[in-house]
Amino acid sequence: MMFMGTETHQDKWWNVDEQHKMNWNFVENHDPLAKQMMNLVAAANKLRLSFPSLTDDHAPVRFCHLDYQNRVLGFVRGSLLVVLNCSESQWEGRDYEVQTDSVNRKFKQVFNSQAAEFGGWEASWSSADRNLSSSVHARLPVNLPKWSVTVYERQE
Numbered sequence: 001m002m003f004m005g006t007e008t009h010q011d012k013w014w015n016v017d018e019q020h021k022m023n024w025n026f027v028e029n030h031d032p033l034a035k036q037m038m039n040l041v042a043a044a045n046k047l048r049l050s051f052p053s054l055t056d057d058h059a060p061v062r063f064c065h066l067d068y069q070n071r072v073l074g075f076v077r078g079s080l081l082v083v084l085n086c087s088e089s090q091w092e093g094r095d096y097e098v099q100t101d102s103v104n105r106k107f108k109q110v111f112n113s114q115a116a117e118f119g120g121w122e123a124s125w126s127s128a129d130r131n132l133s134s135s136v137h138a139r140l141p142v143n144l145p146k147w148s149v150t151v152y153e154r155q156e
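Quick note: the sequence shown uses UniProt numbering, first residue 1, plus one each step.
Pasting the structure below:
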């Protein structure tokens with residue numbers, strides 16, 4: 001969910017009146033946080049436009065992973081597995097297993113909201129350059145950064 005000003009990392013609510021107008025200094029002065037947020041929004045928009053299921057109002061959403069204790073949620077939409085970690089906890093070394101709807105399938109990570117170019121860290125990727133494999137129990141071992149959205153494309 002995006003709110004007005006999020007894409008340039010505005011520090012407060014803004015409007016068209018003089019007291020609340022947009023602070024363009026964040027963009028014009030190359031503020032690092034504003035740059036990272038603009039990169040994140042651009043990447044999210046590119047992801048959305050690259051996969052028809054993300055713009056199709058009738059594409060089904062199937063929840064496949066519900067981990068209430070750790071506040072992690074996973075769902076499938078089209079060929080994508082989307083994983084939300086809504087907590088301060090994180091798992092590295094591919095120590096977290098996400099339940100998928102696919103047995104023995106290959107997945108490629110295509111988005112990571114905690115990537116370095118968005119202000120996160122490079123080691124937060126499960127694998128940006130090679131496929132991951134789900135198990136015979138349809139579980140996918142991943143790195144799961146805190147407060148993140150990660151997206152994996154199921155390979156045909």
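Every residue, glycine too, gets a C-beta built ideally from N, C-alpha and C.
Membership of N143 in the beta strand (DSSP E) is indicated by the continuous run 139–144. Restricting attention to L33, D31, S87, H65, the CA atom closest to the CA of S102 is found in H65. One alpha carbon belongs to W121, the other to T150, and they sit about 13 Å apart. Under the DSSP assignment, Q99 falls in the beta strand (DSSP E) whose first and last residues are 91–99.
Cα atoms of R105 and A43: separation of roughly 25 Å, rounded to the nearest angstrom.
The alpha-carbon of L40 is positioned some 18 Å away from that of C86. Taking the Cα positions, L132 is about 10 Å away from R94. Within the DSSP bridge table, the entry for K106 names S133 as partners.
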